[in-house]
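Participant: Please find one structure pasted underneath; my questions will follow.
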Amino acid sequence: MLTGKTAIITGGSRGIGAAIAYKLASLGANIAVIYVGSEAAAENVCLQCRQESGVAARAYRCDVSDFLSVKETVAQIKADFGTAHILVNNAGITRDGLVAMMKEEDFDAVLRTNLKGAFHMIRHTAGLFIRNHEGCIINISSVAGLMGNAGQCNYAASKAGLIGLTKSVARELAPKGIRCNAVAPGFIATDMTGNHQENPLLGQIPLGKMGEPKDVAEAVAYLAAASYVTGEVLRVDGGIAM
Ligand code: NAP
Numbered sequence: 006m007l008t009g010k011t012a013i014i015t016g017g018s019r020g021i022g023a024a025i026a027y028k029l030a031s032l033g034a035n036i037a038v039i040y041v042g043s044e045a046a047a048e049n050v051c052l053q054c055r056q057e058s059g060v061a062a063r064a065y066r067c068d069v070s071d072f073l074s075v076k077e078t079v080a081q082i083k084a085d086f087g088t089a090h091i092l093v094n095n096a097g098i099t100r101d102g103l104v105a106m107m108k109e110e111d112f113d114a115v116l117r118t119n120l121k122g123a124f125h126m127i128r129h130t131a132g133l134f135i136r137n138h139e140g141c142i143i144n145i146s147s148v149a150g151l152m153g154n155a156g157q158c159n160y161a162a163s164k165a166g167l168i169g170l171t172k173s174v175a176r177e178l179a180p181k182g183i184r185c186n187a188v189a190p191g192f193i194a195t196d197m198t199g200n201h202q203e204n205p206l207l208g209q210i211p212l213g214k215m216g217e218p219k220d221v222a223e224a225v226a227y228l229a230a231a232s233y234v235t236g237e238v239l240r241v242d243g244g245i246a247m
């Protein structure tokens with residue numbers, strides 16, 4: 006159970022992040038949802054967490070790619086909740102394209118949100134975790150970061166970068182009682198994969214179907230409680246990257 010803990014979930018307004026918010030709330034955690042544009046959706050996720058799980062839940066508009074906005078938002082979360090114990094770096098975007106034609110701004114935008122965004126969040130929450138002598142960081146990577154994916158060099162690079170970030174932070178903060186792990190989802194049915202339904206890779210999934218956001222949320226809940234697990238990358242992918 007996570008009663009008395011506070012979890013920050015970036016990109017908690019939709020898809021996988023919303024499922025993570027519901028799951029951690031059902032285990033008793035108070036919830037801070039970070040979103041960038043979908044205010045109504047984020048407020049609705051918080052309302053459901055409060056109504057169905059009886060926890061405190063608040064939404065914060067923050068672009069995770071902006072170092073100072075993240076600093077201010079984490080300070081506001083500390084003011085509202087007192088501290089934080091769990092950070093889930095889930096916010097992510099795609100700007101797919103073939104490497105020979107990819108615009109520089111599309112490469113940079115994906116790296117800024119997916120990889121630097123996670124760094125910004127860890128950078129500004131680490132002090133809270135260190136003071137608490139406990140903390141759990143979970144970065145949502147992707148099988149694209151393990152296998153690569155044609156047409157997604159920017160996205161795959163950001164997700165592979167998250168794995169290096171995860172293992173470095175895990176080593177650096179383990180002596181402070183802070184764990185850092187990653188989850189690598191495969192094809193999960195969300196807005197992000199809406200246009201991937203016809204992807205030929207779907208036929209290569211050993212379990213024969215796309216995953217659901219709740220499948221990833223279950224893995225996050227496991228890692229939130231797994232007190233002897235750090236530096237791990239847990240695939241939730243129907244077996245595609247085994
Ligand atoms: P999604 O439905 O597109 O939702 C993306 C979420 O990220 C939204 O809540 C969005 O907020 C938030 N976000 C985007 N840019 C942000 C920024 N700059 N600052 C703050 N929040 C931002 O995506 P999803 O499919 O649930 O994916 C969630 C994570 O899982 C991503 O990191 C993705 O790369 C990873 N993943 C997904 C799959 C998959 O198959 N779906 C597979 C592997 C990994 P708004 O609602 O406000 O826009």
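Mapping of the sequence shown onto our numbering: residues 6 to 247, in sequence order.
Glycine residues also receive a C-beta, built at the ideal position from the N, C-alpha and C atoms.
Just so we're clear, the structure is a prediction, and the values are computed from it rather than from any experiment.
#1: Taking only the alpha-carbon atoms, compute the straight-line gap between Ala-179 and Leu-73 and give it to the nearest angstrom.
#2: Does the stretch 17 to 35 come close enough to the stretch 59 to 68 that 3 or more CB-CB pairs lie under 8 Å?
#3: Nearest-angstrom Cα distance between Leu-92 and Thr-235?
#4: According to DSSP, is Leu-167 helix, strand or coil?
#5: Let me know the secondary structure DSSP gives Val-188 once reduced to three states.
#6: For Leu-133 versus Val-79, is the C-beta distance shorter than 9 Å?
#7: With a 10 Å radius around its C-beta and 16 neighbouring C-beta atoms as the bar for buried, classify Arg-176 as buried or exposed.
#8: Along the chain, where does the beta strand (DSSP E) that runs through Arg-66 open and close?
#9: For Cys-152, which residues in the same chain have their Cβ closer than 6 Å to its Cβ, ignoring the five residues on either side in sequence?
#10: What does DSSP give as the partner residues of Gln-157 in its beta bridges?
#11: In this structure, does DSSP put Arg-240 in helix, strand or coil?
Facilitator: Let's see:
#1: Ala-179 and Leu-73 have their C-alpha atoms spaced approximately 26 Å apart.
#2: Touching, yes.
#3: Cα to Cα, the separation comes out at about 14 Å.
#4: It is helical.
#5: For Val-188, the three-state secondary structure derived from DSSP is strand.
#6: It is a contact, given that the beta carbons lie within the stated cut-off.
#7: Residue environment: Arg-176 is assigned as exposed (fewer than 16 neighbouring CB atoms within 10 Å of its CB, all protein chains considered).
#8: Start and end: 62 to 66.
#9: In the sequence as displayed, the identity of residue 152 is Met instead of Cys. Within the same chain, and ignoring the five residues on either side of Met-152 in sequence, the residues whose Cβ sits closer than 6 Å to its Cβ are Ala-246.
#10: Checking the DSSP bridge columns, you'll see Gln-157 partnered with Gly-102.
#11: Arg-240 carries a strand assignment under DSSP once its states are collapsed to helix, strand and coil.
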